[in-house]
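Read the structure below first, then the notes.
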Amino acid sequence: MLNISKLEVSVEENKILKGLDLSIGSGEVHAIMGPNGSGKSTIAHTLAGNPNYTVDSGNVLFKEKDLLNLDPSERSLEGLFLAFQYPIELPGVSNASYLKQIVNVHRKYKGEDPIDASEFLKILKEKSSNLNIPIDMHSRFVNTGFSGGEKKKNEVLQMDLLNPNLVIMDETDSGLDVDALRQTSGAVNQLRSSNRSFIIITHYLRLLEYIEPNFVHVFQDGKIIDSGGKELANKIDTEGYAT
Amino acid sequence: MNKLNSKISTQDCFIEVVSDDVIITNNCNEIKHQVSENKGCIYLDIRVSESKIIPRITFKIKREDFISIQLKLTLLNGAKLEILDESEYMHGTKMEFITELGKRSSFELYRLNIFNELTENSYLHQCRLSKDCVFKDFNFTNGSKLMKNETEVSLADENAKYIGSGVVITNSTNCDNSLKINHISPSAISDCSFKTVSRGNANVTFNGKVIVRENCNNSVSSQISKGLIMDENANVNLIPELEISNDDVVCSHGAASGKPDENVLFYLTSRGISRKEAEKVYIQGFLGEFVDKIDNAQMKAKAKQFISQNS
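Order-wise, the sequence lines are chains A and B. Under numbering that gives the first Met the number 0, the first residue of the first sequence carries the number 0, and numbering increases by one thereafter. Under numbering that gives the first Met the number 0, the first residue of the second sequence carries the number 0, and numbering increases by one thereafter.
As structure tokens, then:
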């Protein structure tokens, strides 16, 4: 699914990623844990194509394509989805019309007709219900005035609607209370399948208690310094990163 | 809802200007009018009396040459009127409106106009508001080579209220917009906003002046102007001016212009929307907040459609 090789990335001439190697197979869930400022979000934004992040060297293959040659919208259309740590507010655009637009953009790319309004509403109601999102939230402007939890749920909802192959969750658990974390994790677990992979970036073990990872990587100083199974997350939870 | 309100309905009147003829259809009894023409200049004198219906005049200008229209509009005490101008002006225009609003009257003006980008156009509206009347003034335009929009509002009596908004979306224009609000009576209200999206080599100016005279206690005035600069050579000049001569007032103003937020554009493109479409969504969002000020559902839908087609 994804093969990252010797990736080096800078932000405003500060080297953040210093030779990242990571391979992710179809259906696998990889957790990336690391202390603040270690560069975890840089991985997420670089893969999604954020122009603020400059790739200095290395390569990334996504479904056998050179990911770094694609612009952000092409990466999305090819099946990559980034759930933002800080979802962006978009005043003046209703959430419902935005969600319908992104669904239709993906349908068009696949050669499908735009979704019928009543069919979209039916799907939106069903998927919102799974995440305990009130339907009237969609008449509000995108993420504007949403609570932290509502914003994160809206990210997971977009993921569900777009049906991606590779999902990168950038600290989706931050800002969620216990119930919201359980609902969000439940929705993510329902989306796990043999042709969908996940990169879960988190500080804490608690998210990984709901979403069981196949692999855990410890990320520090711009590279992976240790990899293992879930037991590695348990070790970090008790001993911290310093040891 | 009381009995009187429950009987209020709308009745449409269409004014079509075709060639040298002015055709008025479905005219309702509450509107009295006189039309005359002199060398390409059309004079309309319209008086509206109080009634239980809300007349709506829809302008449909189809003339195939430069047009000059002078409109004198009088709303008598308690009268209500909506004017909708959705004309596409392809050959240049000169418009002069003079509006007198009587006590307790209500006037809503919606101008959603497309202009030929190569033409020159001017619009001057002078209006005087009496006690307890409301004027809602919404202007949407794509701009043109040379455009001058000028509105002067006199709040001449207590509780007169002006809500005015202008939107210019343009890529080939020198567009001067001027809005002068004159509080000449106590306890009047003005609420003005102006937004522009400037593209290509466009140069858009907004001069918003609010004058509150010495005797005008309890005046309330708000003015917001915002510009979105989409291209390197586009320009926006926002000039708020306040002359407040009374301490017992609530007056606020704000002006801001800049380029689109790249973080927002990245968020949109990360969902599969192309950069070009993302900019369009951004513009619709920028102006969408503003459209929410329109409480007439039918007009709000028309304004949204106008923005969608021109962003």
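We treat Cβ as the ideally placed atom computed from N, Cα and C, and that holds for glycine.
Where does B/I180 land, buried or exposed, given buried means 16+ other C-beta within 10 angstroms? Buried, by the Cβ-count rule.
Report all residues from its chain with a CB closer than 8 angstroms to the CB of A/S37; omit the five preceding and five following residues, and keep chain order. F218, Q219, D220, G221
Find the residues of chain A that neighbour B/F285, judging by a C-beta separation of less than 9 angstroms, and give them in chain order. P90, G91
Nearest neighbour of A/S138, chosen from A/A95, A/Q182, A/N103 [CA to CA]: A/A95
Based on Cα-Cα distance, which residue from A/T53, A/S226, A/M158, A/V104 lies nearest to A/N129? A/M158
Under the three-state DSSP convention, the category B/M94 falls into: strand
Separation of A/V215 from A/S226, as counted between CA atoms: 6 angstroms
Rounded to the nearest angstrom, what separates B/S164 and B/R274 at their Cα positions? 29 angstroms
Since A/V104 meets chain B, which of its residues come closer than 9 angstroms, beta carbon to beta carbon? Neighbours of A/V104 in chain B, taken as residues at a C-beta separation under 9 angstroms, are given in chain order as R270, G271, I272, S273, E276.
At which residue ranges does the stretch 36–78 of chain B contain complete beta strand (DSSP E) runs of 3 or more residues, listed in the order of the chain? 40–47, 52–60, 66–74
Terminal residues of the alpha helix (DSSP H) in which A/F119 lies: Run containing A/F119: 116–129, per the alpha helix (DSSP H) assignment.
Which residues of chain A have a Cβ atom closer than 8 angstroms to the Cβ of B/Y266, listed in chain order? F83, P86, I87, L89
Cut-off 6 angstroms between Cβ atoms - residues of its own chain near A/I223, not counting five sequence neighbours on either side: Closer than 6 angstroms at the Cβ level, and outside the excluded window around A/I223, lie H216.
Are three or more beta carbon pairs between the stretch 133–152 of chain A and the stretch 102–118 of chain A nearer than 8 angstroms? no
Mind checking whether A/S196 and A/M32 have CB atoms under 8 angstroms apart? no
Residues of its chain near A/N23, where Cβ-Cβ distance is below 6 angstroms and the 5 sequence neighbours each way are ignored: It should be noted that the sequence gives Ile, not Asn, for residue 23 of chain A. Same-chain partners within the cutoff: M0, L1, H29, S196.
On a CA-only basis, which of B/E276, B/T57, B/H124, B/I52 is nearest B/I312? Give me that one, please. With chain B covering 0 to 310 only, the question about residue 312 of chain B has no answer from this structure.
From B/I306, B/A254, B/S189, B/K61, pick the residue whose C-alpha is nearest to that of B/D131; which is it? B/S189
Helix, strand or coil at B/A300 according to DSSP, with G and I counted as helix: Three-state DSSP puts B/A300 in a helix.
N-terminal and C-terminal residue of the alpha helix (DSSP H) that A/K107 is part of: 94–108
Cβ of B/E288 less than 8 angstroms from any chain A Cβ? Closer than 8 angstroms to some Cβ of chain A, the Cβ of B/E288 qualifies, so yes.
Status (buried if at least 16 other CB within 10 Å, exposed otherwise) for A/V258: In the structure as shown, chain A starts at 0 and stops at 242, and residue 258 of chain A therefore has no counterpart that could be examined.
Going by DSSP, which residues form a beta bridge with A/M250? No statement about residue 250 of chain A is possible, as the shown extent of chain A runs from 0 to 242 and does not include it.
Let's test the definition: count the other Cβ atoms within 10 Å of the Cβ of A/S146 and tell me whether it reaches 16, buried, or not, exposed. A/S146 comes out exposed.
Taking the C-alpha atoms as reference points, what is the distance between B/N141 and B/N309? 7 angstroms
Here's the rule I'm using: 16 or more other beta-carbon atoms within 10 Å means buried, otherwise exposed. How should B/V196 be labelled? buried
In the stretch 192–211 of chain B, which residues sit with their C-beta less than 9 angstroms from some C-beta in chain A, listed in chain order? none
Members of the stretch 135–157 of chain A that neighbour chain B once the beta carbon cut-off is set at 7 angstroms: Listed in sequence order: Q157.
Classification of A/D70 by the beta-carbon crowding that lies within 10 angstroms, buried from 16 upward: exposed
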